[in-house]
Amino acid sequence: MSSSKCSLCTFIKSSIGRKLVVALTGLALVLFLAGHLSGNLLIFAGAEVFDAYAEFLHSFLHGMGVWVARIGLLACFVIHIWFTVLLTRENKKARTPYMHEATVQASKSSRIMIWSGLTILAFVIFHLLHFTVRIDSDLAALGEASPWEMVIQGFQNPLVTIFYVIAMTLLCSHLSHGVASIFQTLGLRSKKTAGAIKFISCAYAFVIYVGFISIPLSIWLFGFGR
Amino acid sequence: MSLLNLTLKVWRQDNPSDSGRIETYEAKEIPTSASFLEMIDIVNERLIKDGHDPIHFDHDCREGICGMCSMTINGVPHSKERGTTTCQLHMRKFSDGETIYIEPFRAKAFPVIKDLVTDRSSFDRIIGAGGFISVRTGSAPDAHAVPVPKPDADAAFDAAACIGCGACVAACKNASAMLFVSAKASHLNHLPQGLVEKDQRTLSMVRQMDAEGFGNCTNQYECEAVCPKEISVQHIAKLNRDYLAASAREGVS
Amino acid sequence: MSLDSKVPTGPLGEKWSSHKMGSKLINPANKRKFKIIVVGSGLAGGSAAATLSELGYQVDCFCYQDSPRRAHSIAAQGGINAAKNYQNDGDSVFRLFYDTIKGGDFRSREANVHRLAEVSTEIIDQCVAQGVPFAREYGGLLDNRSFGGAQVKRTFYARGQTGQQLLIGCYQALSKEIAKGGVKMHSRTEMLDLVVVDGHAKGIIVRNLVTGEITSHAADAVILATGGYGNVFYLSTNAMGCNVMAAFRAHKRGAYIANPCYTQIHPTCIPVSGDYQSKLTLMSESLRNDGRIWVPKSKEDAAAIREGRKSASDIDEDSRDYYLERKYPSFGNLCPRDIASRAAKECCDEGRGVATTGLGVFLDFKDAIDRDGEDAIRARYGNLFQMYEKISGDNPYLQPMKIYPAVHYTMGGLWVDYNLMSNLPGLHVLGEANFSDHGANRLGASALMQGLADGYFVIPSTIAVYLSTQKAGAVTTAHPEFKRAKNEVRDRLKALIEIKGDRSVDSFHRELGLLIWDKCGMARDRDGLEEALKRIPAIRDEFWTNVRIPGSVNGLNVELEKAGRVADFIDFAEVLCHDALNREESCGGHFRSEHQFVESDSEVQDGTTQTGEARRHDDQFQYVAAWEHTAPGTPPVLHKEELVFEEVKPSIRSYK
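Chains as they are written, first to last, in our numbering: chain A, 40 to 265; chain B, 30 to 282; chain C, 457 to 1112.
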């Protein structure tokens, strides 16, 4: 048992091990996004359906479900960030810069992963304070009564909406590289599947992007829910 | 034959502890049929004539196979031409009046010795850690004793085409050596002769790679794009897989 | 000193096994006490260092490159021969032996060549076990191709990179031993002198090329596996760093140089394009399996092609001269290298050359592409075609390649006996650096075979013959000879750097190379050689008074490295020309214009051979010419080792 523990430590400390941790936590977060989006899109089905969905989430497993999910997600999120920051710091140390830098094929998205990631972190903190903790007392009151109303109200503020859209754009960028990267790091990518994986990755990022921004934009630009 | 006039911005560094700087040289009347290294020969010949120290650079076979030449040309190791080593690059790929930046391969694990010459012995140590099959001379069975399926033999060959130049590391924004390490591991792990030591090889090589101070792979595939032998990053995927399996087996046994 | 080849007695096929049985062994506990220096890390040196370490010896291995993996063995493209007879086409150890002896124009030692053929099969086994990815058939078994000078398919290959794959196999074995501690590797380190103690080679003086530090290394035996001297011609297919210094330093310390005039000019290289050219690139001989070599029949057509008024496709079939197929119908484009090279030279001398310089012939794949399809040709030679296109800018799928012979390999080298030991006790020489197995001409795919045979299978057995007579560790660097040699090395470097003349090292090298190519290249004659011998001392004098080497002896200084090598090339060139002058016959890679068959010869009349072919004089020259160094400026002294043929009868080498 002790030797297997030790092997796990060695594995986690190795470059490939750390990347694998990032890939697996990333995968969990990617799947969460799909679930989160499908739930959110219920907003277009009307207040009743949406509020019932919110109610279901909070009562699932006698109210335990939402906490299990929150703790799990938080763990993935923290580990994902912690390990990428570790890896990035090592990466910076490993390289001496060129006087004349050039890139042959790496996408812009892949090169700003740490920045898109950290922006998403900032967004998530804001997002949780905004809709979950509800630091805004007006929203807090609405949230208890109708989550649907809270969302509609929440996106009346243009600054909130703009920040939301920017964050989703960076999330899209992050996913376009991240999803494909999961396959490579898990050893599931080959010459033959490379094209399909790239397509899946971009398509997934695009769907998530369009799905999430459709809500604030509908509310803000087209007056949805008013 | 047409001639080119070029401006070279070359990294000059007297020794490993020197901080180094870019210096500018005019390369006049360079024949387009000359190779890139021959262009530097011409510039060096003139530098020597004028009493200066010539630009030091690694090179040997000048036919794209020894892996010694190692220049970053306009920010791209071995230049932006695909599947080419610096020594195979010819001046017909440049145009008159161009400015060319020439720098060494840059990575913490490849310290500069002088000018464009770097120390890539970290690669040798990675091979020594496990990039071999332990077979004593004279103890081999007949070559036909173990047939190797052609797809495996071909895959092994594709990986074995690596010339160990280090362009993959130099091109990587993180100076990761994953393409080099995975190519060697994949070459041997694909063959029945290499299966016996597969786990040990995979673990040892990756650990040595980490110890040498290379960065981590972030799947941007710059390495594949500059590899003069066009080695595929699918070997990296295989290494990730093999490493996970080897770690798991090490953990439970 | 007498030249005793120490060839064992007994029938040819049993000499090697009975020699191994009869030789003394060193027990494992004692092996550990012996230290062996190996200079060079190519196929011969690398395999020797790895194997000797596996046996238990302490090995110190040196190479000038930054890693042992970069030795120039890596550039060999075509393949490696072995008498496996996997194709069931009638191959055998004897046939490989015979082909090699005949290919070498009956100028090599029977016993050595037979041993080479015997161990060839073990090499393939060893390499496959190491993971060398040889080409395979769909059934999973090894594939073979045919090569020049043979009518069986016995060449194992790994696409166009056989040398690379074999060297990497060898480098892996070496790396394994380095990691275990059996081999101490000294990369970026160049041997500058051999240390001889009481007549025995007991160490070397080296320079660390990075720091400039000069150090001494003592051992119980020294092995040189430092490759050939092709760069004496300046332009060759060798790597830029290939040099004769280690061998020539040994020569100056008493080792004989044998048959230096046997130099191989490879027929299929990319022609020279300008005076800035630093090296020539070989296109593998395997291309001759499918490519057809031709020039236009008429000088006018050739001139039109040279001037760009016509292209190859404008010359119709009847106006082409497929000269190899015409002259040598049974071997055709696959005749041996020396013959193919000379035939190309003849065509160009007649004014039928097709490159802009007039020095080039076509190697045409059109028929093969029409027959097998472009994809099949791409699968066979894709990387070579790509290489050609990068260098020349022309697409060989659409127009024929232009090729011309270039210096490629040197059959001569330090003289060694059957145990691969030179006349200097303790000094062993392997691979291209020795003279032993290829006679006057080497067949394709035999160099890799010889390097690995020497390193993996021969020296590990035969070095014990010498070591068993020695007390381990008897000589250390404390011996005054080491100090003396080290001071001489220092003085020489200092002398070079203090010349501070006007000309670069390369300019001297180029001048020397042009002279040797002109007078001692594909065809030689007395007048030319005598003129070369007059001009070399002048080059040397100017070199030692007018060379300019910037920088200092400390730290990395490539000009200083090159200067040391060129200085030895200049001296070596004299030995080369003396040998070529002495050998009043034509054989293999040594073609003396005075000695060729003419119309009136009976051999031509009866159809055995044809005019212009090399004419040997077995009655006078059936010997190995081994040259002893004398004082600087005086000619070397000739020693002869008579060649005795017990098994084969030397005949006129015909590939008609």
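Ideal Cβ positions, reconstructed from N, Cα and C, are used throughout, including at glycine.
What residue from the options has the CA that sits closest to residue i's CA?
{"i": "ARG1021 of chain C", "options": "C:GLY604, C:GLU646 and C:LYS471", "result": "C:GLU646"}
{"i": "LEU160 of chain A", "options": "A:ALA206, A:MET138 and A:PHE194", "result": "A:ALA206"}
{"i": "THR507 of chain C", "options": "C:VAL1080, C:GLY747, C:HIS1085 and C:ILE579", "result": "C:ILE579"}
{"i": "SER734 of chain C", "options": "B:SER48, B:LYS38, B:GLU92 and B:ARG230", "result": "B:GLU92"}
{"i": "SER960 of chain C", "options": "B:SER64, B:ASP79, B:VAL164 and B:ALA189", "result": "B:ASP79"}
{"i": "ARG705 of chain C", "options": "C:ALA657, C:ALA1081 and C:VAL463", "result": "C:ALA657"}
{"i": "ILE265 of chain B", "options": "B:GLY195, B:ALA214 and B:ALA196", "result": "B:ALA214"}
{"i": "ARG765 of chain C", "options": "C:ALA811, C:VAL728, C:ALA799 and C:GLU741", "result": "C:ALA811"}
{"i": "ALA1036 of chain C", "options": "C:GLN1078, C:THR719 and C:SER1056", "result": "C:THR719"}
{"i": "PRO936 of chain C", "options": "C:ALA1081, C:ILE953, C:VAL651 and C:GLY868", "result": "C:VAL651"}
{"i": "SER146 of chain A", "options": "B:ASN248, B:GLN263, B:VAL262 and B:VAL281", "result": "B:ASN248"}
{"i": "SER1118 of chain C", "options": "C:LYS755, C:ASP794, C:TYR784 and C:SER631", "result": "In this structure chain C extends from 457 to 1112, so residue 1118 of chain C is not present and cannot be described."}
{"i": "ALA1023 of chain C", "options": "C:VAL494, C:CYS1033, C:THR1001 and C:LEU1012", "result": "C:THR1001"}
{"i": "PRO723 of chain C", "options": "C:SER848, C:GLY710, C:PHE689 and C:GLY900", "result": "C:GLY900"}
Does residue i get closer than 8 Å to chain B when you measure Cβ to Cβ?
{"i": "PHE50 of chain A", "result": "yes"}
{"i": "LYS632 of chain C", "result": "yes"}
{"i": "SER41 of chain A", "result": "Reliability of the predicted coordinates at SER41 of chain A is poor, the pLDDT of 44 falling under 50, and the value obtained from them is presented with this limitation in mind. So no, SER41 of chain A is outside the interface."}
{"i": "GLU1015 of chain C", "result": "yes"}
{"i": "ASN79 of chain A", "result": "no"}
{"i": "GLN621 of chain C", "result": "yes"}
{"i": "VAL463 of chain C", "result": "no"}
{"i": "ALA206 of chain A", "result": "no"}
{"i": "GLU510 of chain C", "result": "yes"}
{"i": "SER2 of chain A", "result": "Since the first residue shown for chain A is 40 and the last is 265, residue 2 of chain A is missing from the structure and cannot be characterised."}
Can you check whether the C-beta of residue i is within less than 8 Å of a C-beta belonging to chain A?
{"i": "ASN203 of chain B", "result": "yes"}
{"i": "SER150 of chain B", "result": "no"}
{"i": "GLY104 of chain B", "result": "yes"}
{"i": "ARG236 of chain B", "result": "yes"}
{"i": "LEU273 of chain B", "result": "yes"}
Would you kindly check if the distance between the Cβ of residue j and the Cβ of residue i is under 8 Å?
{"i": "VAL255 of chain B", "j": "VAL143 of chain A", "result": "yes"}
{"i": "ARG1039 of chain C", "j": "CYS803 of chain C", "result": "no"}
{"i": "LEU870 of chain C", "j": "LEU572 of chain C", "result": "no"}
{"i": "VAL817 of chain C", "j": "VAL751 of chain C", "result": "yes"}
{"i": "ASP153 of chain B", "j": "SER523 of chain C", "result": "yes"}
{"i": "LYS132 of chain A", "j": "LYS137 of chain B", "result": "yes"}
{"i": "SER479 of chain C", "j": "VAL1060 of chain C", "result": "no"}
{"i": "PHE116 of chain A", "j": "VAL60 of chain A", "result": "no"}
{"i": "PRO257 of chain B", "j": "GLY160 of chain B", "result": "no"}
{"i": "GLY250 of chain A", "j": "ILE258 of chain A", "result": "no"}
{"i": "ALA862 of chain C", "j": "LEU736 of chain C", "result": "yes"}
{"i": "THR933 of chain C", "j": "GLY659 of chain C", "result": "yes"}
{"i": "SER902 of chain C", "j": "THR556 of chain C", "result": "yes"}
{"i": "ARG601 of chain C", "j": "SER786 of chain C", "result": "no"}
For a cutoff of 8 Å on Cβ pairs, would you count residue i as touching chain C?
{"i": "PHE243 of chain B", "result": "no"}
{"i": "ILE156 of chain B", "result": "yes"}
{"i": "THR113 of chain B", "result": "yes"}
So who's on the other strand from residue i, going by DSSP bridges?
{"i": "PHE612 of chain C", "result": "C:ILE536"}
{"i": "TRP750 of chain C", "result": "C:PHE818"}
{"i": "LYS491 of chain C", "result": "C:GLN514"}
{"i": "HIS60 of chain B", "result": "The sequence shown places Pro at residue 60 of chain B, not His. DSSP output for PRO60 of chain B lists B:LEU32 as bridge partner(s)."}
{"i": "GLY884 of chain C", "result": "The displayed chain sequence assigns His, not Gly, to residue 884 of chain C. Paired residue(s): C:ILE679 and C:MET877."}
Exercise for review: Could you say if the segment 233-248 of chain B and the segment 203-215 of chain B meet the contact criterion of at least three C-beta pairs nearer than 8 Å?
Suggested key: yes
Review point. For the segment 597-611 of chain C against the segment 194-202 of chain B, are there 3 or more C-beta pairs whose distance is under 8 Å?
Key: no
Check your understanding: Are at least three pairs of beta-carbons, each pair with one atom in the segment 878-894 of chain C and one in the segment 677-694 of chain C, less than 8 Å apart?
Key -> yes
Exercise for review: Specify whether the segment 224-239 of chain A and the segment 179-196 of chain A touch according to this definition: at least 3 beta carbon pairs, one from each stretch, less than 8 Å apart.
Suggested key: no
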